[in-house]
Each structure stands twice: as C-alpha cells, then as structure tokens.
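Asker: Pasting a structure below so you can have a look.
Chains as they are written, first to last, in my numbering: chain D, 1 to 249; chain E, 1001 to 1604.
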C-alpha cells in the first residue's frame, strides 16, 4: 500500500510540473464557463438553454456537458502516463524498482484521477459559487453531480491509461483514448433509433448514462457506483496485462 | 524452453484473467441492477424520491392490492423500451413500499388476442410509433397501463409515464381506500343556446372529463336551480364556470349550499371576446353582462369588477390572426397582450397549496377582484394571484381582442396616462370562514319561466334561510377562459393547457381538503429565478421595461435613453458576476504554477 502511495505522489508531482496539466485545467474551466453562460446544451431531444436564456439558477448544463468534455480531457491528461515512459526509456528503469506492476498501475491511475478531480472541482465550484450568488441554487444536486462526475472520471482514467499503455507516442495515446471514450459517450445518441434489446444494453454500457440519468439529476445510485467500480477494475487489470505483456516480451 | 513456456503462460494467463474479469463485471452489474436498487435523491426538489404523502397512502393498506401491468414486451423502438424500463423500475419501487400487501404481475397484450381484448376493455391507451421493416414503415403500438384491484374495486391507469406515475398511482390507491367516490357539481355556461358562440368557442368538456377521472361530476342546470330544485346533498364542491344571467333563486341555491358547508370555485367572465369585432355577449356599449352572483360576491367580500386588467409586465405572448388586405386570408402575428396575463411557477401565493404548486397559467381578458366595502366578520380573504404593480384597469370591459401592434400601442396610451390607477390587482381570491347570506329578507321565490321577470319587488317565501351556519371556502377567479376547450379559433384562446388541468385538480383537491394529493402532484422543479439585473437597473433609473407607458413623445424618448443606459449597466454587472469567480481561479492557478516552477528551479 505504501508503495502505491509513493508512486501516486511521484506521478502527481510530475503531472503538476507539466504544462499539459495546467493547460488542460485552464481550458476546462474556460470551456465550462462558456458553455454554461452562452451556449447551453443544444444536443438531444430536450435541449438545455444557457444560464441567462433559461433564467434559472441551475448547473444542469455543466453536468450534462461533463461526460463529453472529460472524454477528451482525460486522455490528454493521461496520454503521457505510459507512452512517455516508453518513449523516454524510463519504463525499464521503473520495473527495476521493488514494485509490482499492479502497484505502479494503481499509483498512476490514482494520480491521474486526483488531477481530474482537482480539475472538476476547480471548474465546477466557482460556477456553483457564481450561480448560487445569483439565485437559489440546489446544492444537493450540485453535490450529486460532482460525485457522479468523479465516478465517471475514475472509469475514464482507467480506460485512458490502457490506451496510453498501447503506444509509445503520446499523440497516438491521446487519439486512441479520445476515440474510445468518445465512442462510449456517443452510444447514448444511438439509443432512440435502435431496437429495444440493443438499446437497453447500449444504454447500460454507456458511462454517460450512469451520470446523466442519476447523479446529474441529484440522485446517488448504488448501481452506478458498482458500474464505475467494475469499469475501473477491468481497466486496471487490462492495463496491468498490457504492461506485463511487454515485460514478458 | 521452460523460460519461454513461463513467458507464454504468463501472457495467456494475463489475457484470460482480463477476459474472465470482464465476464464477472458484466454479471456483477446485472445482479446489482436487479438486487441493489438503492438510491438516494439528495436534491432539494426531491423529484426522484417517493414523496412522504405516497408512503402515507400506501401505509394505510390493510388488505391485498393487486397490480396488473399491461406492458408490451417486444418493443422495436429503443427510446420507448427505456421508458418501459423506467416505469417498471418505479412500479417495483412503489410496490416495495407496500410490502407483502402489494402483488405485481405483468401481462403482455401482444402475446394473445384475449390479453389484447382485456387491455382494450380497460380503456388502455397504447403508445404509437412507426416500425420499419426494409423499405416499409408500419404503425406499431406498445401498451403501458395498469389495473389496480383492492377489495373488489378497481382503478385503471390507461397510459403510464414515469413523470406522472407516482401522482396517478397514489391518487388511484387513495380512491380505492376511500369508501365512496366524491361528487363535484358543475355549473357552466354551455353556450348551447348560442350557435354562433358555440361554433367559435369551446365549452368546458375537457375540464369536466379531467375531473371525471377522479370524481363523479354532476352537471347542474341553472334553469332547474332557478325553478327551485335544491343542490343535492351528496355534492361536496361546485365549479361555477362563467355564470351568465343566473336567476336570484339559483344564486340563493348556491348561497345555501355554501351555508351547509359546501365549497365553491367561481370563474367569472362577463365578456366572450369577439373575433375582430364586437363581443358576442355583453352589449356594444360595453355594459357588462350580469353573472347573477354580483350580490353574493359583494356580500362575501370578493366583488368582481366590470373591467379588464392591462398588465404590461405579465403580458402573455399570444398569436393573433391578422387579416391581409386583398389577400382574402390572414396570417399569424405574435403579440404580447397585456389583457392576457401569464404566470409562471412561483408567481402565485406561496402559502396556498394550489398556487404554490402552480405551473404555467395563462389568463385571457382577466377581471380584477375588488376590495370589499367591509369584509364580513367571520370571513378571511386571501388574494392568491396578483397582477404586477404596472397594471391599469381598462375603461370598462374590452369588447375586442388586441390583434395588431398599433392597437396595442393605442390602448396602452389610453390607459397609461392614469398614473393614479396603476397598481397591482388581485385576480384570484380565497375566502374562508362562515359566510353571511345576502338573503336576509327571506328565500326568493322560484323563478317561473312562463312569467319571466316581473321587474317589481322580489317575492320571498317562508322557507328557512341559513346564515353563517357552517365553515366553508369559496375561490373566486376573474377569468374562465383558462378552463375552456380549444375551439375554432385556437389563436384567440388555445384552450385548456396541461398545467391548467393540474391547477384545476389542485384547486378541487384543496376544496375537498385533499392536501395529500396536492403534495404528491406538486412534484415539479421549484422555480429558481436568477437575479434580475435589468429590473434592478430599470428601477435605479426610474423607468419601466420595454412596455413602459409614457405620457408624451418627449418623455418617451428620454425614457428610451434611460432604458438603454440601464441595459448597459445591467450587462456590465452581469459580466462581472459571471467572469470574476472563474477568472480568480484561473489567475490563481497560473500564479501557483509560476511559483511552483520557480521553487523547483531554486531547489535544483
């Protein structure tokens, strides 16, 4: 356990020292504000108006956009986790340390997840503070939305790290990760036009559904927690297998 | 060799482990979906939590409640399948509250003709959708209804949807638990004797049918009441929709009904608005039509004034047909009509349950309720719906609907110069207590239609007259068009809207003291309006909004300049409020990063 913490702290320090993390957080904060104040959520059967257009103190636009924004920002934050190690040749050095592969994987996942949580908090709480000052904001719904976003981020980080482990190029890792998470997000758009059985299965598979149908509406559901936890476990084990495969190559 | 075998084995072992884990994860999620249905709604609105009222209703079950859900299993449309999933999940949750006393079974009407016939015999209304097979699209149906059975009685919910399921289910269970079906009286203006009016304007059949789902609705005949027929005792509340020329004896019948503890909802409309011409009822010199309840309402403390309101702030967005010269037709023009105020959630009295739970409410040519010269001692009046403070009374009743912007400006200028008459007017009042009777000289004699009105002193009988005999409640609303059916000219009055139906349900439930059902039905997002920067700036500059009325052209120009300045001020304040917090965060992040970089360089 202590070894995981060491990896976590090391990776977190390296992330905050990198300009990618800072730029990603700044882009996220600016994008969320612009989407909430001026654009709204024009996609889907029930479009949400922008804040002033709707005239209601609510962050539903913010939480509805987060699954799509995270689908691109999480791969950006995690693309260097394994790819850069391979490119720089430090991966072999890492495996000489008295660390098990799984411990390194979990440590890297924890550091990426921490970074994304910091990004979510820095991007959402100021907006909540602003909107709360302008009207009667439902803080319970905000809390549930943030918790759901953190759960989604955990699953996204696990999957994005797998994509990073597939390549030695950061750009390739980002593109593959964004493609995988983007396709998972887009499953929800196909649901209305698919046959019933397939629609139900895809809706259950889509991570965004587990946030938008519950946490984004102020509901914390244990089934969503189980879903995200299982995605994280599968992602971490897959990541370990991918790294171990190179080790045994 | 052993090393190669170990490597290969380790590689395959890893992939097999991952594959097995995926299978296990899928199964865990399926089991969690079935057995771990634990959720907590932590929002303030509690829209997705079962309300305490529903729990209380289900807690009163003391015998088996059977739920037969008629749900088509194989649905080809994905979105409908998801809807079914939510309905099933909600039904399971509601049934779980009843414990062993609630038994749910599912019937698929599509598997056999007998099941289909049974569903149709219950009046189930299936969802319809298009189903494609190759190049052909055919119509398909999906049933989603519920039959509830309890102690030999049954209630049917013909079409379920997740947003109203809880309210409908709780209402149905409540009706099953009560011993009898409550009776509502309906005294409305049928327009049957006026073919022109009945062709143009709808009656109140939709409102009556809506109430008929939950109550027994008994139509009352104004002529029979005037002839001396009493109001049956089993009627607990009466809706009086657009009373017209009621005879004194009919008004007496309503008065004595209230004296016995009966409750009234009275919706007044002294004009049926004409389409581009004179009003259909009410004379051309703007004499208001008699309702027949003037004396009653004046005595009780809620006289309805024979004027319309001109509310420039709550003016409703309507569409009117404007004739095109020479084109032989008309076109729809959007207008904001100050005579038709529109209310949103939270704009009614927050303490009175029906207005607290109100959605959108559009009134048409509303008449204000005046102050009583002296409110009766035992009666409490609460005004639950007001116009804005920028409202003028019209000079008598309007006899024509506003149909052009020029007409709007002209009418605004004609009323607006009377600054002393600008104020907020009540449009709905709730009276509670023991009501005095205006018939202190005795009960008026029954009206003889063959003799007609004699014009002389009113004949009285010696039958006993109740006076302040029992506690009651009367609601007076200065408009009845909000209840009207859509008719030929939908552009003039679109007719009863969904929120109007719920408002009517809540009012009747309140009259019948059914606060439980109001609490269940009131589950909608609370209005959370943002700070009105523009309104604040307008107030600081001492001007009104875009509909503000000026006395002269010079003043209008000055006011326009002040309004523009106020808009700029409001815009700047809004920008500051929006950008400061994220700006502070971004600035702080940059500072921290620079500091961290400098610290790192210093350390190295």
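Idealized CB from N, CA, C, for every residue including glycine.
1) Report back the beta-carbon spacing between residue 134 of chain D and residue 225 of chain D to the nearest angstrom; my notes put them in contact at under 8 Å.
2) If we require 4 or more residues per run, which alpha helix (DSSP H) segments fall completely within the stretch 70-112 of chain D?
3) Please state whether DSSP places residue 19 of chain D in a helix, a strand or coil.
4) Check whether chain E comes within 8 Å of residue 56 of chain D, counting only Cβ atoms and requiring the distance to be less than that.
5) Could you work out which residue in E:1108, E:1361 and E:1468 is closest to residue 1500 of chain E when comparing CA atoms only?
6) With which residues is residue 1143 of chain E paired in a DSSP beta bridge?
7) Specify, as a first and last residue, the run of the alpha helix (DSSP H) that residue 1467 of chain E falls within.
8) Check the Cβ-Cβ distances between residue 1107 of chain E and every residue of chain D, and say whether any is below 8 Å.
9) Please classify residue 285 of chain D as buried or exposed, where buried requires at least 16 other C-beta atoms within 10 Å of its C-beta.
10) What residues in its chain sit with their C-beta under 7 Å from that of residue 1155 of chain E, if we drop five residues either side in the sequence?
11) Report the neighbours of residue 1022 of chain E on chain D: residues whose CB is nearer than 7 Å to its CB, in chain order.
12) If we count the other Cβ atoms within 10 Å of its Cβ and call it buried at 16 or more, is residue 1598 of chain E buried or exposed?
13) Taking Cβ positions, are residue 158 of chain D and residue 40 of chain D nearer each other than 8 Å?
14) So is residue 6 of chain D in contact with chain E if we call contact Cβ pairs under 8 Å?
15) Give me, in chain order, the residues of the same chain whose beta-carbon lies closer than 8 Å to that of residue 1566 of chain E; leave out the 5 immediate sequence neighbours on both sides.
16) Reducing DSSP to helix, strand and coil, say where residue 1128 of chain E ends up.
17) Which one of E:1058, E:1462 and E:1388 has the shortest CA to CA distance from residue 1344 of chain E?
18) Can you name the start and end residues of the alpha helix (DSSP H) that residue 1040 of chain E belongs to?
19) Applying a beta-carbon distance threshold of less than 7 Å, which residues of chain D neighbour residue 1531 of chain E?
20) Can you name, in chain order, every residue of its own chain whose Cβ lies under 6 Å from the Cβ of residue 1480 of chain E, other than the five neighbours on each side?
21) Which runs of the beta strand (DSSP E) at least 3 residues long sit entirely within the stretch 1028-1081 of chain E? Give them in chain order.
22) Please report how far the alpha carbon of residue 1009 of chain E lies from the alpha carbon of residue 83 of chain D, in whole angstroms.
23) Taking Cβ-Cβ distances shorter than 8 Å, what residues in chain D pair up with residue 1315 of chain E?
24) Within 8 Å (strictly less), CB to CB, does residue 70 of chain D reach chain B?
25) Counting only C-beta atoms, is residue 87 of chain D closer than 8 Å to chain E at any point?
26) Measure the CB-CB distance between residue 1427 of chain E and residue 1592 of chain E and report whether it falls below 8 Å.
27) Can you pull the chain D residues whose beta carbon is under 8 Å from the beta carbon of residue 1042 of chain E, in chain order?
28) Identify whether residue 1538 of chain E lies in helix, strand or coil by the three-state DSSP scheme.
29) Would residue 1078 of chain E and residue 192 of chain D be called neighbours here (beta carbons separated by less than 8 Å)?
30) For chain E, find out if any of its Cβ atoms is closer than 8 Å to the Cβ of residue 1 of chain D; answer yes or no.
31) When burial is assigned at 16 or more other CB atoms within 10 Å of the CB, is residue 1138 of chain E buried or exposed?
32) Would you mind stating whether residue 1292 of chain E and residue 1250 of chain E have Cβ atoms separated by less than 8 Å?
33) How many angstroms separate the CA atom of residue 1333 of chain E from the CA atom of residue 1404 of chain E?
34) Beta-carbon separation of residue 1307 of chain E and residue 1297 of chain E under 8 Å?
35) How is residue 1278 of chain E classed by DSSP in three states: helix, strand or coil?
36) Applying a beta-carbon distance threshold of less than 9 Å, which residues of chain E neighbour residue 223 of chain D?
Answerer: Here's the rundown:
1) In fact, because the Cβ distance is near 32 Å, the residues do not count as touching under 8 Å.
2) 80-88 and 90-96
3) helix
4) yes
5) E:1361
6) Paired residue(s): none; residue 1143 of chain E is not in a bridge.
7) Premise fails: residue 1467 of chain E is in no alpha helix (DSSP H) and is neither H nor E.
8) no
9) Look at the range of chain D in this structure, 1 to 249, and you will see that residue 285 of chain D is not part of it.
10) 1148, 1172, 1175 and 1176
11) 234
12) exposed
13) no
14) no
15) 1534, 1537, 1538, 1540, 1541 and 1543
16) strand
17) E:1388
18) Element bounds for residue 1040 of chain E: not the alpha helix (DSSP H) but the beta strand (DSSP E), 1039-1041.
19) 134 and 135
20) 1241, 1242, 1267 and 1269
21) 1039-1041 and 1065-1071
22) 26 Å
23) Chain D residues near residue 1315 of chain E: none, gap ~17 Å exceeds 8 Å.
24) Absent here is chain B; the protein component of the structure consists of chains D and E.
25) no
26) no
27) 140, 141, 143, 144, 218, 219 and 220
28) helix
29) yes
30) no
31) exposed
32) yes
33) 8 Å
34) no
35) With a pLDDT of only 47 at residue 1278 of chain E, under the threshold of 50, the placement of this residue in the model should not be trusted; the figure read from the coordinates follows. DSSP places residue 1278 of chain E in coil when its eight states are reduced to three.
36) 1029, 1032, 1033, 1036, 1037, 1038 and 1039
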